[in-house]
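Remarks on the structure that follows.
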Amino acid sequence: MDTAFRHLHMPSELACEFLAVFARMEYSLKATRFAVRNGRDVSASWDQFANEAHERFHAESSEELKSAVDFIWNCPPRKQFLADDERVRFRDFEIDPAQRKLQQLILMVRTVRNNLFHGGKHLPDGESEPGRNERLVRSSLVLLRECAQLVDDVREAYER
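Our numbering applies: residue 3 is where the sequence shown begins, and numbers increase by one.
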């Protein structure tokens, strides 16, 4: 196994699949009306997408989706922060009652992506609960694939 993947605490193929699906979804948002201009740059408006798609989102539509949503919601990813002792640590995700559930779920998926991509799952304490990181990634994949189907133009861009 490549040493770069040794500390992922999940199969490298799963991590690559998740990053590819995430990137494809982000492209799909930017290729449609969910693109936001930041000066000369563009980014995906995940919140705008979530707020439009929330009425079409039904976690109970399949057992796989319900299980994925329940896991992400009840065991959300932790966010990295720099503690007073100058060490990188994790803090629990804080639920914002002012946001819709799908908006928060997508924010949690984005946190999973950030942790994976920016090294949060490579830290020595990145796997304090065996299997948790892998299950977060698997659950996030299920949610992303469902989200890709919720809005017609996003689905078309995703399937191109």
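Where is the CB? At the ideal position from N, CA and C, for every residue including glycine.
Computed from a predicted structure; not experimentally measured.
Check: Per DSSP, Lys81 is paired with what?
Finding: Arg93, per the DSSP bridge assignment.
Check: Taking C-beta to C-beta, are Lys68 and Ala46 nearer than 8 Å?
Finding: In this structure, Lys68 lies away from Ala46, with their beta-carbon atoms at least 8 Å apart.
Item checked: Limits of the alpha helix (DSSP H) - the one that Ala22 falls within -> Start and end: Ser14 to Lys32.
Margin query: Among Ala22, Glu54, Gly41 and Glu66, whose alpha-carbon lies nearest the alpha-carbon of Asp154?
Written below: The closest CA to that of Asp154, considering only Ala22, Glu54, Gly41 and Glu66, is found on Glu54.
Margin query: I need the DSSP call for Val71, collapsed to helix, strand or coil.
Written below: Three-state result, Val71: helix.
Notebook entry, point to check: Secondary structure at Asp43, three-state DSSP: helix, strand or coil?
Noted result: Look at Asp43 here: in three-state DSSP terms it is strand.
Notebook entry, point to check: Can the beta-carbon of Val156 be found less than 8 Å from the beta-carbon of Phe20?
Noted result: Not in contact: Val156 and Phe20 (Cβ atoms no closer than 8 Å).
Checklist line | Cβ-based neighbour list, Tyr160, same chain, cut-off 7 Å, excluding 5 preceding and 5 following | finding: Around Tyr160, the same chain offers Arg26, Met27, Ser30 and Ala150 as residues with beta carbons nearer than 7 Å, after the five sequence neighbours per side are excluded.
Check: Can you tell me the Cα-Cα spacing of His124 and Ile74, whole angstroms?
Finding: At His124 the pLDDT is 48, less than 50, meaning the model places this residue with poor confidence; the figure from the coordinates comes in the next sentence. One Cα belongs to His124, the other to Ile74, and the distance between them is close to 20 Å.
Notebook entry, point to check: Just reading off the alpha helix (DSSP H) that Ser141 is part of, what are its end residues?
Noted result: First-last of the alpha helix (DSSP H) with Ser141: Arg134 to Cys149.
Notebook entry, point to check: Considering only residues of the same chain and omitting the five flanking positions on each side of Arg137, which have a CB-CB separation below 7 Å?
Noted result: Counting only Cβ-Cβ distances below 7 Å, and skipping sequence neighbours, we find Phe73.
Check: Among residues of its own chain, excluding the 5 on either side of Pro126, which ones have a beta-carbon nearer than 8 Å to its beta-carbon?
Finding: With a pLDDT of only 47 at Pro126, under the threshold of 50, the placement of this residue in the model should not be trusted; the figure read from the coordinates follows. When the five nearest sequence neighbours on each side are left out, no beta carbon in the same chain lies closer than 8 Å to the beta carbon of Pro126.
Next item on the list: Helix, strand or coil for Val111, going by three-state DSSP, please let me know.
Entry: In the structure shown, Val111 sits in a helix (DSSP, three-state: H, G or I).
Notebook entry, point to check: Quick one: what does DSSP say Ala52 is sitting in, helix, strand or coil?
Noted result: Collapsing the DSSP output to three states places Ala52 in a helix.
Notebook entry, point to check: On the three-state DSSP scale, how would you describe Ala159?
Noted result: Helix.
Next item on the list: Might you give, ordered along the chain, the residues of its own chain that have their beta carbon closer than 7 Å to the beta carbon of Arg58, omitting 5 neighbours on each side?
Entry: Around Arg58: Leu152.
Notebook entry, point to check: Using the C-alpha atoms, what's the distance from Pro78 back to Phe36?
Noted result: Phe36 and Pro78: Cα-Cα distance of roughly 25 Å.
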